[in-house]
Every structure is written in C-alpha cells, then in structure tokens.
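A short write-up of the structure that comes next.
There are 2 protein chains.
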Amino acid sequence: MKPADERFRALSARLRDFHSLNTAAGLLEWDMEVLMPRAGGEGRALQFGAVMRAAHEIVVADETGRLVAELAEAAGAAAPDDADAANWRWAEREYRRRRRQPAAFVEELAAHCARAQEIWVRARAKNDYALFRPELERMLELKRRQAAYVGDFADPYDAWLEEYEPGMTTASVETLFAALKPGLVALVSAVAGRAEAARLPTLAGSFPVDRQRVFGMEVARAMGFDFERGRLDVSAHPFSAAIGRDDVRLTTRYREELPFSALFGVMHEAGHGLYEQNVSADLRHGPLCGGATMAAHESQSRLWENLVGRSRGFWKRFLPRFQELFPAAAGFDAEGMYRAVNRVERSFIRVEADELTYSLHVMLRFDLERALLSGSVSAAELPEAWAAKSREYLGVVPPDAARGVLQDVHWSAGLLGYFPTYAIGNMISVQLFEAAPKTEDYPVLLAWLRENVHRHGRKFGAEELVRRATGSAISPQPYLKYLSAKYGELYGL
Amino acid sequence: MKPADERFRALSARLRDFHSLNTAAGLLEWDMEVLMPRAGGEGRALQFGAVMRAAHEIVVADETGRLVAELAEAAGAAAPDDADAANWRWAEREYRRRRRQPAAFVEELAAHCARAQEIWVRARAKNDYALFRPELERMLELKRRQAAYVGDFADPYDAWLEEYEPGMTTASVETLFAALKPGLVALVSAVAGRAEAARLPTLAGSFPVDRQRVFGMEVARAMGFDFERGRLDVSAHPFSAAIGRDDVRLTTRYREELPFSALFGVMHEAGHGLYEQNVSADLRHGPLCGGATMAAHESQSRLWENLVGRSRGFWKRFLPRFQELFPAAAGFDAEGMYRAVNRVERSFIRVEADELTYSLHVMLRFDLERALLSGSVSAAELPEAWAAKSREYLGVVPPDAARGVLQDVHWSAGLLGYFPTYAIGNMISVQLFEAAPKTEDYPVLLAWLRENVHRHGRKFGAEELVRRATGSAISPQPYLKYLSAKYGELYGL
Chain A
0 MKPADERFRA LSARLRDFHS LNTAAGLLEW DMEVLMPRAG GEGRALQFGA
50 VMRAAHEIVV ADETGRLVAE LAEAAGAAAP DDADAANWRW AEREYRRRRR
100 QPAAFVEELA AHCARAQEIW VRARAKNDYA LFRPELERML ELKRRQAAYV
150 GDFADPYDAW LEEYEPGMTT ASVETLFAAL KPGLVALVSA VAGRAEAARL
200 PTLAGSFPVD RQRVFGMEVA RAMGFDFERG RLDVSAHPFS AAIGRDDVRL
250 TTRYREELPF SALFGVMHEA GHGLYEQNVS ADLRHGPLCG GATMAAHESQ
300 SRLWENLVGR SRGFWKRFLP RFQELFPAAA GFDAEGMYRA VNRVERSFIR
350 VEADELTYSL HVMLRFDLER ALLSGSVSAA ELPEAWAAKS REYLGVVPPD
400 AARGVLQDVH WSAGLLGYFP TYAIGNMISV QLFEAAPKTE DYPVLLAWLR
450 ENVHRHGRKF GAEELVRRAT GSAISPQPYL KYLSAKYGEL YGL
Chain B
0 MKPADERFRA LSARLRDFHS LNTAAGLLEW DMEVLMPRAG GEGRALQFGA
50 VMRAAHEIVV ADETGRLVAE LAEAAGAAAP DDADAANWRW AEREYRRRRR
100 QPAAFVEELA AHCARAQEIW VRARAKNDYA LFRPELERML ELKRRQAAYV
150 GDFADPYDAW LEEYEPGMTT ASVETLFAAL KPGLVALVSA VAGRAEAARL
200 PTLAGSFPVD RQRVFGMEVA RAMGFDFERG RLDVSAHPFS AAIGRDDVRL
250 TTRYREELPF SALFGVMHEA GHGLYEQNVS ADLRHGPLCG GATMAAHESQ
300 SRLWENLVGR SRGFWKRFLP RFQELFPAAA GFDAEGMYRA VNRVERSFIR
350 VEADELTYSL HVMLRFDLER ALLSGSVSAA ELPEAWAAKS REYLGVVPPD
400 AARGVLQDVH WSAGLLGYFP TYAIGNMISV QLFEAAPKTE DYPVLLAWLR
450 ENVHRHGRKF GAEELVRRAT GSAISPQPYL KYLSAKYGEL YGL
C-alpha cells in the first residue's frame with residue numbers, strides 16, 4: 000500500500016477536480032441569473048445537471064471510498080488544522096451523503112433546480128404563485144427523495160440542514176431559536192409600542208441607479224473587496240458566487256427610491272465575498288476553499304451589513320460622500336442617518352428587513368420548510384400557512400405572493416435547509432464582532448477576520464471556528480444583548 | 000440484447016450529456032474572454048480541464064464503445080439523414096479519435112488551452128512574443144502527442160485537421176489550395192498594378208463605438224439573428240460561441256477610426272450565429288447541434304460578411320442609416336461605399352483583410368502549422384518564418400508580433416488544424432450563394448440557408464452538404480470566378 004501522504008495527494012487531486020466542476024456549475028448558475036438570453040434556460044438546465052453529475056461521480060467513485068476508508072486512521076491522528084485531514088473530513092462526509100444518491104438522480108435534481116429558478120424569476124415578476132407551484136411540488140418530491148437517500152437521521156430535516164450546516168441538527172437549531180425567539184418577540188413588541196414616540200426618520204427621494212452603483216462599489220472597496228478578483232452585477236435576487244477564490248462575483252438589484260436596499264445588499268454580498276477572497280491561497284483549488292458552513296458565511300455578510308453598515312461610525316465616515324451623490328440626504332447628519340437606517344418595521348421582505356425582525360423572517364421559513372418536508376403543509380396550502388406564520392411572528396400579512404412565498408430564490412434553487420443559517424449567522428456575527436478589535440479602520444477589522452475566520456476556509460466547522468476565534472460556543476445571548484442595547488437606546492426603552 | 004432503437008436512445012442520452020458538458024466548457028471559455036476578472040485565470044484553466052475531461056470520459060467509456068460496435072450495422076442501414084445514424088457516425092469518429100487519449104492528458108491539454116489563451120491576450124496587448132512562446136512550445140508538444148494518440152494517418156497533420164474538418168485530408172486541402180493559389184496570386188498582382196489608377200476611396204473619420212455597436216446590432220437583426228436567443232459582447236479577438244442553439248453569443252472589438260472592422264466582424268460572427276440558431280430544434284441538445292464542419296461554418300460567416308456585406312445591394316440598403324449614425328460618411332453614395340469596402344490591400348491582419356488576399360493569409364498559416372508540426376520550424380524560428388511567408392504570399396512583412404504571429408487566438412486556444420477551413424469556407428460560400436435565390440431580402444436568403452444548410456446541423460459532412468445544396472463537389476472555381484469578375488470590374492482589369 001502506498002504511504003499515507005501519497006494517498007492524501009491522490010484524494011486531494013480527486014477533490015480538486017470535484018471543486019473545479021462544482022465551481023464551473025457555479026458559473027453556469029451565475030450566468031443564468033445575470034446575463035443568459037432567456038431562451039437558453041432548457042439548455043442551461045441540462046448543462047447544470049451534467050456538470051453536477053460529473054462532480055458527484057468523482058465523489059462516489061470506488062476510488063474515493065477506498066481512499067476515505069484507508070486514510071481514516073491517518074486523518075484522525077493529524078493535527079486539527081491539517082489540510083489533508085480537513086480534506087479527508089470533507090470527503091468522508093460527502094461520500095457518506097452521496098454514495099446512495101444515484102448519478103441520474105443528482106443530474107435530474109440539479110437540472111430541476113436550474114429550470115425552477117428560471118421559472119421562479121418569471122413567476123415573481125408576474126406575481127404568480129400558480130406558475131411556480133408545480134416546480135415547487137417537484138422540488139419537494141426530489142428533495143424528499145434526496146433526504147431519504149442521504150440516510151437515517153433523528154429528524155429528516157437534518158439531512159437538508161447538513162448540506163449547509165454540517166455539525167448542526169434540527170434539534171440544536173431549535174434549541175438556539177428557542178433561546179432567541181422570546182427575547183426577540185418581546186423586543187419587537189416593545190419597539191412597536193414606542194414607534195410613534197421615538198419617530199425615527201425616513202430618507203425619501205430619488206437615488207439614481209448609476210450613483211447607487213458607484214457608492215456601493217466604493218463601500219465594497221473600502222471594506223477590502225478586491226475588484227481585480229471579483230465583479231458586481233445585477234440580478235433578480237442578490238447573491239454572491241465564488242467561481243473561485245480569485246473570481247468572486249456579487250450581484251445586487253437597484254430601486255431608485257430605496258437607496259439602502261442596494262447598499263446593504265452590496266455590503267451583505269461583499270461580506271460573503273471577502274470571506275471567499277481571503278481563504279488561504281494554498282486551499283484555493285479544492286473544496287476547503289469556501290466558508291466553514293453557511294452560518295459562518297452569513298456571519299460575515301451580516302457583520303458587514305449590520306454591525307458595520309448600520310453603525311454610527313459608518314455614517315460618520317460615509318455621509319459626506321453619500322450626500323455628494325444623493326442631494327436627497329442633504330438635511331441629514333450622521334446621527335440622523337444612523338437612526339434612519341435602523342428604523343424597525345414589521346415588513347414583508349426578508350432581505351430588506353431591519354436587524355430586529357430579520358431572524359423572525361428566518362424562523363417563519365424554518366417552520367414552513369419542516370412542515371413542507373413532513374407533508375403537514377402542501378405547496379397548495381403554502382400561501383395560507385405563510386400568511387398565518389407571518390401574522391404570528393411579524394404581525395403583518397403579505398398582500399401578494401411576490402412579497403410572500405415568492406420573495407426568496409431558495410426554494411426554486413433547491414436550497415431547502417439553508418434558511419436557519421441566516422439567523423445563526425446573526426448570532427455568530429455579534430460574537431465575532433465583539434472579539435475583534437474595536438475600530439473604524441476596516442483593513443484592521445478585515446485583517447482580524449482573515450486571521451481568525453477567512454483563511455481557514457472549510458478546515459473547521461462553525462462551532463470549532465467560533466470557539467477558536469472567541470473562546471465561546473455559538474450562542475444567541477450576545478446577539479440578544481446587542482439588539483437590546485442598540486434598539487433600547489434608539490427607541491428609548 | 001435490447002432492440003436497436005433502445006440502444007440508439009441510450010447512445011443519444013450519453014451524447015446529450017457530452018454535449019451539455021462541452022457547451023458548459025464553451026461558457027467557461029466565453030466568460031474568460033469577455034468578463035472574467037483577470038486573476039481568475041488559473042482557476043478557470045482547472046475548471047475548463049475538469050469539464051473537458053468529464054466530457055471525454057463519456058465518449059471513451061466502455062459503454063459508448065459497446066454501443067458503437069453493436070449499432071454499426073443498424074446505422075449503416077439507416078437513411079443518410081436519419082438522426083440516430085448521424086449520432087452514431089459522430090460517436091464512432093469521436094470514440095476512435097479519443098479512445099487512446101488518456102483522460103488526464105485531455106484535462107491537461109484543455110487546461111493548457113485556457114491558460115495559454117489568457118497569456119496570449121496579455122502578450123498580444125504588450126506586443127511581446129517572448130511572453131507567449133513558452134506557451135506555444137508546450138501547446139505544440141501537447142498537440143503533437145494528441146496527433147500521435149489519435150492514430151496513423153498518411154500525414155500527421157490529418158489528425159489535427161480531422162477535428163475541424165472530418166472528411167478532408169491534408170492532401171485534399173493541398174489539392175484545393177493548389178487550384179486556388181495561382182489564380183489568386185495572379186489576381187492580387189494584377190490588382191496591385193492597377194491600385195493607383197483605380198483609386199478606390201477610403202472612409203476616414205471618427206466612428207463612436209456606441210454607434211458602431213448600434214449599427215452592428217441592427218445589421219445582425221436584419222440578417223435574422225435572434226437576440227432573444229443570443230448576445231453581442233466585446234472581446235480581444237472576435238468569436239462566436241454556441242452555448243446552445245438558444246444561447247448563441249457573438250463578440251467583436253471596436254476601433255473608433257475603423258468602422259468596417261467591427262461591422263464585418265459582427266456580420267461574420269452573426270453568420271456563424273445564424274447557423275447555430277437555425278439547426279433543427281430536435282437536434283438541439285446533442286452533438287449534431289452545430290455546423291457540419293468548420294468549413295461549412297465558415298462558409299456561412301464569409302457568405303454574410305462578404306457576399307452580403309461587401310455587396311452593392313447591402314450599401315444601397317444601409318447607407319442612409321450608416322450616414323445618420325456616422326456623419327463622416329456624408330460624402331459617399333452607395334457605389335462609393337461599395338468601392339471603399341472592397342479596397343484591396345496587402346495588409347497584415349487576417350480578420351481585417353479584403354476578400355482577395357484573405358485566403359493567402361490562410362495558406363501562410365497552413366504552411367506554418369505543418370512546419371511546426373513536423374518540427375522543421377520551431378516556435379523560436381516562427382516570427383522569421385512568418386515574415387518570409389508573408390513576403391512571399393502577401394508582399395509585406397509585419398512590423399511587429401501583434402500584427403504577425405500574435406494576431407490570432409487559434410494557436411493559444413489549441414485550434415491547430417483550423418485555419419484551412421476558412422479558405423475552404425470561402426469556396427463553399429460562393430457555391431452556396433450562387434445556388435441560393437438572388438435577393439436583397441435577407442429573410443428569403445436565410446430561409447434558403449436554413450432549409451439547405453442550417454437545419455441539418457452535423458448530420459452530413461461538408462462535401463455531402465454542398466452536394467445536396469448545390470449539386471456540385473466543393474471547388475475553388477466558382478470562388479475564383481466570382482473574385483475575378485468582382486475585382487476585375489472594380490479595378491478595371
């Protein structure tokens with residue numbers, strides 16, 4: 000038998016090909032959302048399916064299974080931050096998750112994701128849930144089958160969750176959410192009772208799209224996003240795509256009357272982008288190149304969007320430039336901007352929600368996904384179930400599908416099990432931000448994040464990463480404390 | 000054993016996956032040329048290699064070989080335009096060409112093509128052949144190995160040629176070129192002797208890029224190019240890429256002082272694009288979706304560029320709009336434009352060459368490629384050999400690498416053996432144009448081309464396609480006759 004280091008190299012070469020195919024599929028998806036001619040959808044679905052299948056076949060090949068089995072002992076004996084061992088852990092999990100999923104099924108699911116996304120874009124533009132419903136039904140059927148292939152878990156939702164948040168279970172998410180929800184609901188209620196008295200200002204006017212673009216790029220650059228290794232484009236739903244560590248693409252969407260929607264959207268996606276751009280260079284061509292988990296990833300986007308972008312310091316720094324570009328802001332001082340961007344509203348759209356209600360939008364989706372998985376809510380019943388949950392958690396009922404069930408790309412893109420990571424990301428974002436140096440100097444903040452988070456890529460799970468960076472376990476308490484202090488002051492509670 | 004039609008379906012499903020991967024690789028390449036962040040090159044090379052390898056593995060799989068062997072008889076007995084039989088012929092050739100090429104070699108070659116292209120773009124911008132030379136050397140080494148893997152041919156160049164022009168051999172190309180060259184050289188000489196006396200006008204001035212883009216798109220639309228199923232973008236070297244029949248992308252480049260460079264470039268690429276967009280819909284997800292051969296493809300680009308774009312009728316129709324966009328053309332009538340766009344010049348750049356000298360640029364490259372393959376000219380000696388051939392064929396010596404050896408993308412993209420197809424395409428373009436209805440009504444011309452050329456996709460080879468459409472074999476005589484008549488009149492020979 001060859002020595003372990005040779006077999007680790009062989010494993011690494013296989014994973015490199017997997018990663019290349021997987022990121023190639025990422026480009027197929029990015030292109031579809033950003034600039035593909037509309038008629039190209041069916042061909043694109045087939046391409047996406049074929050590339051995802053080829054990637055899958057590398058993971059489930061007998062050779063991968065043999066290397067995983069043979070290297071178990073050597074990987075277990077290695078240091079925790081050893082790249083070979085981390086590669087092995089990645090391979091072991093993926094092999095286990097995928098080995099019972101037939102290649103033809105993987106191809107079919109991937110093709111359906113591409114097809115459904117394309118139809119979702121049209122359904123959302125037309126505000127027509129009926130157009131999207133059959134795609135969702137098929138998606139649920141395929142994703143249920145996938146969960147069954149993946150294996151036996153205490154809760155079938157665990158199989159979905161593990162794709163985005165390995166290391167967590169439905170039960171552990173429920174524990175975190177149970178500790179977060181009462182405090183959050185109480186805080187939202189208290190703020191709602193003070194909304195009139197506190198009277199936080201709104202910024203109204205016209206904010207030309209080309210100037211929003213300029214400002215967004217200036218902010219992203221100030222955060223440290225490297226446009227030599229990335230781009231910013233427009234799509235129906237904002238997202239970031241790491242085609243590679245050195246090719247990180249952000250998208251946003253602009254509305255002339257809403258300057259903060261694109262601004263915080265760009266900061267959010269650039270937060271993801273910084274994570275990808277700052278993974279250690281030696282990990283860049285393999286599956287360890289990326290965020291530890293999606294919650295870890297969301298911690299970075301939410302950190303920049305909220306803890307930086309919705310802070311007093313940010314507006315002290317950027318208000319002059321903002322006013323130069325947008326005369327509508329002429330009457331505001333930095334404190335006024337700070338108050339304007341932190342207005343709490345019971346609103347419909349998650350990606351535009353304030354910090355306080357955001358996690359409630361997530362919990363709503365977490366509940367509905369589990370109901371969809373178990374079958375206790377059908378795709379036909381979903382709008383009604385959404386309305387009920389929205390009333391319960393947010394106190395509002397969306398007036399139409401575009402502001403309700405059709406607002407997110409996730410269910411069309413097959414990203415079931417993803418939503419909880421946003422709320423956990425919120426928790427982690429505060430834990431990390433409190434451990435980082437207190438500074439308005441973004442390069443210093445970025446350097447700390449690079450050292451403590453980004454460079455490790457997927458070497459550790461979220462729990463381990465947070466413990467190394469902060470000394471603590473993932474917890475909702477710092478997040479709740481931060482929200483209470485911030486909104487207590489803003490609303491005079 | 001399963002019945003033949005079931006096995007044809009199984010073959011077709013395999014080829015569909017191949018085609019999906021192959022066109023996905025096409026998107027990776029398109030994106031690299033058009034908008035990838037510069038730093039993304041290395042990751043892109045790995046992606047391109049991995050996708051091309053996965054496509055290759057489908058073709059060389061035992062299952063493909065078995066289906067090819069088992070279906071030989073049924074395919075031979077089928078009607079010549081039967082899609083299953085055509086799929087089989089495609090699979091048989093690809094299997095034979097690829098089965099001895101190791102997957103790791105295919106991956107390495109593809110990755111090198113992506114890498115070398117990226118370096119070529121930089122070398123060309125810097126006018127620095129030394130920067131590109133090592134990439135060319137490596138390319139020649141890999142392409143020589145590829146020829147050796149492919150098999151025994153009378154001439155090793157046949158192995159390169161077959162990739163783009165199956166059905167032709169080096170000997171048959173030589174025969175066609177031998178019949179073309181003397182007439183062409185004589186015609187160029189005669190025109191050169193009359194250049195002063197005939198005094199064809201030049202159009203000078205400033206032609207804003209955004210207006211060139213508008214005009215190019217209007218012309219492409221008039222030709223019948225469907226922008227709902229395609230795009231037009233900018234790249235260092237103009238090309239067209241069929242990401243699918245319903246996603247056909249053209250690129251061009253603009254120079255403010257040269258309106259015809261982009262215009263004829265767009266017409267050329269749109270000619271390719273029309274071929275792809277008009278393949279029969281039932282072939283659209285398999286390898287028969289594309290041009291019969293590259294000569295057949297170039298016949299379409301050259302037909303629209305030259306026989307349409309460089310005609311009197313075109314300028315009668317488009318001059319008013321051209322003058323509206325470009326005041327510099329105010330003093331011209333249609334006849335003047337016709338004469339201006341048909342000036343013959345002994346020039347350096349193939350893609351900007353007039354019709355008369357164009358095929359000489361091609362023959363120069365055909366000679367040099369064979370010399371590079373045999374080793375009688377090395378990459379180091381290439382600029383000198385280029386200068387000598389250029390003096391011999393064109394009467395001019397390029398002053399630098401950018402206008403000489405670095406001008407074409409082909410050698411960096413691994414497209415060795417491709418060049419002859421341009422000159423054969425010129426021949427075919429005239430044969431087809433003469434068989435088509437005489438009309439200035441482009442929809443009528445397009446309908447004839449769709450019926451006689453496009454819809455068949457890759458069902459037939461070029462020879463068969465031309466015979467079906469025109470009743471004749473591929474021949475340089477109609478092309479020579481057309482050139483003699485056109486340039487005889489223009490230059491008063």
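Read top to bottom, the protein sequences are chains A and B. Numbering-wise (numbering that gives the first Met the number 0), the first sequence opens with residue 0 and increments by one. Numbering-wise (numbering that gives the first Met the number 0), the second sequence opens with residue 0 and increments by one. Here a beta-carbon is modelled for each residue, glycine too, at the ideal position from N, C-alpha and C.
Host alpha helix (DSSP H) of residue i (start-end)
| i | result |
| --- | --- |
| residue 427/A | 419-434 |
| residue 57/A | 40-59 |
| residue 118/B | 102-125 |
| residue 174/B | 169-197 |
| residue 74/A | 71-76 |
| residue 221/A | 208-222 |
| residue 369/A | 354-373 |
| residue 248/A | Note, residue 248/A: premise wrong, no alpha helix (DSSP H); beta strand (DSSP E) at 246-251. |
| residue 333/B | 333-339 |
Separation of residue j from residue i, as counted between CA atoms
| i | j | result |
| --- | --- | --- |
| residue 303/B | residue 278/B | 17 Å |
| residue 6/B | residue 398/B | 58 Å |
| residue 341/B | residue 245/B | 34 Å |
| residue 200/A | residue 86/A | 51 Å |
| residue 103/B | residue 136/B | 19 Å |
| residue 19/A | residue 297/A | 23 Å |
| residue 462/A | residue 427/A | 10 Å |
| residue 363/A | residue 225/B | 44 Å |
| residue 343/A | residue 353/A | 6 Å |
| residue 96/B | residue 36/A | 34 Å |
| residue 431/B | residue 456/B | 16 Å |
| residue 223/A | residue 168/A | 34 Å |
| residue 382/A | residue 229/A | 38 Å |
| residue 123/A | residue 334/B | 53 Å |
| residue 316/B | residue 479/B | 27 Å |
| residue 74/A | residue 98/A | 20 Å |
CB contact below 7 Å: residue i versus chain B
| i | result |
| --- | --- |
| residue 228/A | yes |
| residue 101/A | no |
| residue 53/A | yes |
| residue 36/A | yes |
| residue 39/A | yes |
| residue 46/A | yes |
C-beta neighbour in chain A for residue i, strict 7 Å
| i | result |
| --- | --- |
| residue 476/B | no |
| residue 50/B | yes |
| residue 445/B | no |
| residue 124/B | no |
| residue 246/B | yes |
| residue 243/B | yes |
Sequence-distant residues of its chain with Cβ nearer than 6 Å to residue i (five each side left out)
| i | result |
| --- | --- |
| residue 409/A | 417 |
| residue 114/B | 44 |
| residue 242/A | 22, 25 and 26 |
| residue 154/B | 169 |
Span of the beta strand (DSSP E), counted from its first residue to its last, around residue i
| i | result |
| --- | --- |
| residue 230/A | 229-233 |
| residue 22/B | No beta strand (DSSP E) contains residue 22/B, which is instead part of the alpha helix (DSSP H) from 3-33. |
Contact set for residue i: own chain, Cβ-Cβ below 8 Å, skip 5 residues either direction
| i | result |
| --- | --- |
| residue 454/B | 277, 278 and 279 |
Residue i classed as buried or exposed, judged by whether at least 16 other C-beta atoms fall within 10 angstroms
| i | result |
| --- | --- |
| residue 205/B | exposed |
| residue 458/A | buried |
| residue 264/B | buried |
Residue i beta carbon near the ligand NAD (any heavy atom closer than 6 Å)
| i | result |
| --- | --- |
| residue 331/A | Judged by which ligands are present, the structure shown has none, so any question about the ligand NAD falls away. |
Nonlocal neighbours in the same chain, by C-beta distance under 7 Å from residue i, ignoring five residues either side
| i | result |
| --- | --- |
| residue 130/B | 118, 121 and 122 |
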